[in-house]
Amino acid sequence: MATGYAEDVMKDNGIVEREVVEAQKIWGEAIVAIGEAYTQKKDYKALAEEIVDTLYGYDEGAVLFKPTKASEKPFRLTKEEAISYFVTGIVPEDRGFAIQPWRKVRFENAEIIIDNDSAIAMGNYYFTDANTGKEAKVEFTFGYFKDENGKLRINMHHSSFPYRPMP
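For the sequence shown, my numbering begins at 31 and goes up steadily by one.
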């Protein structure tokens with residue numbers, strides 16, 4: 031049965047394109063869930079910690095994370111710094127990207143490169159503001175690896191606003 035993905039046969043437990051697309055969907059839903067927990071006055075910080083533990087590979091090795099809205103500390107090399115970016119915490123400049131909140135996150139991949147048990151995806155993702163309905167376009171590059179349980183984990187995440195020439 032064909033699924034429409036370029037490579038849909040798993041060889042040697044390698045990554046296939048549909049797994050990357052599913053990981054992106056899960057990441058977007060997680061960002062929305064953190065914002066919903068925040069607005070409902072639930073424990074959004076515990077949820078963010080659980081999400082970072084589940085989706086990122088900080089417990090397995092190095093993670094290269096360069097978030098969009100970060101300038102004083104642009105690189106988040108620890109789990110605690112990543113959590114701070116999403117919900118505030120140890121980095122003073124953080125305002126809590128995930129507690130904006132967002133209604134929806136959608137990915138448009140320019141390309142996905144797969145090398146057996148690792149993958150890189152690059153493109154644009156769009157965040158729909160839960161309060162205004164306006165959509166923000168952001169450029170991304172994610173790197174993934176497959177952990178010992180066969181789940182994709184993020185080991186590289188670069189995000190930036192599109193370039194705008196100066197007048």
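Ideal Cβ positions, reconstructed from N, Cα and C, are used throughout, including at glycine.
Under DSSP, the beta strand (DSSP E) around residue i begins and ends at which residues?
| i | result |
| --- | --- |
| Thr158 | 148-159 |
| Lys164 | Here Lys164 belongs to no beta strand (DSSP E), and DSSP marks it neither H nor E. |
| Glu66 | Not the beta strand (DSSP E): Glu66 falls in the alpha helix (DSSP H), residues 47-69. |
| Phe95 | 94-96 |
Where DSSP assigns a beta bridge to residue i, which residues make up the other side?
| i | result |
| --- | --- |
| Leu85 | Looking at the DSSP assignment, Leu85 forms no beta bridge with any residue, so it has no partner. |
| Gly173 | Ile150, Met186 |
| Lys199 | The structure shown has nothing for residue 199, since the chain only spans 31 to 197. |
| Glu138 | Asn154 |
| Ile143 | Ile150 |
Could you check the C-alpha separation between residue i and residue j for me, to the nearest Å?
| i | j | result |
| --- | --- | --- |
| Gly126 | Ala112 | 10 Å |
| Lys41 | Ala76 | Any reading at Lys41 must be qualified, since the residue scores a pLDDT of 49, below 50, and its modelled position is unreliable; no value is offered. |
| Lys96 | His188 | 5 Å |
| Thr98 | Asn43 | 33 Å |
| Trp132 | Ile81 | 16 Å |
| Ile142 | Gly173 | 10 Å |
Let me confirm a value: residue i is counted as buried when at least 16 other C-beta atoms fall within 10 Å, else exposed. Which label applies?
| i | result |
| --- | --- |
| Asn146 | exposed |
| Gly65 | buried |
| Arg136 | exposed |
In the DSSP assignment, find the unbroken alpha helix (DSSP H) run with residue i in it and report its ends.
| i | result |
| --- | --- |
| Ala127 | Position check: residue 127 holds Phe in this sequence, whereas Ala was assumed. Per DSSP, Phe127 belongs to no alpha helix (DSSP H) and is neither H nor E. |
| Tyr115 | 109-117 |
Going by C-alpha to C-alpha distance, which of the options sits closest to residue i?
| i | options | result |
| --- | --- | --- |
| Thr69 | Arg106, Ala92, Ala128 | Ala128 |
| Lys134 | Ala60, Phe170, Tyr115, Ala78 | Ala60 |
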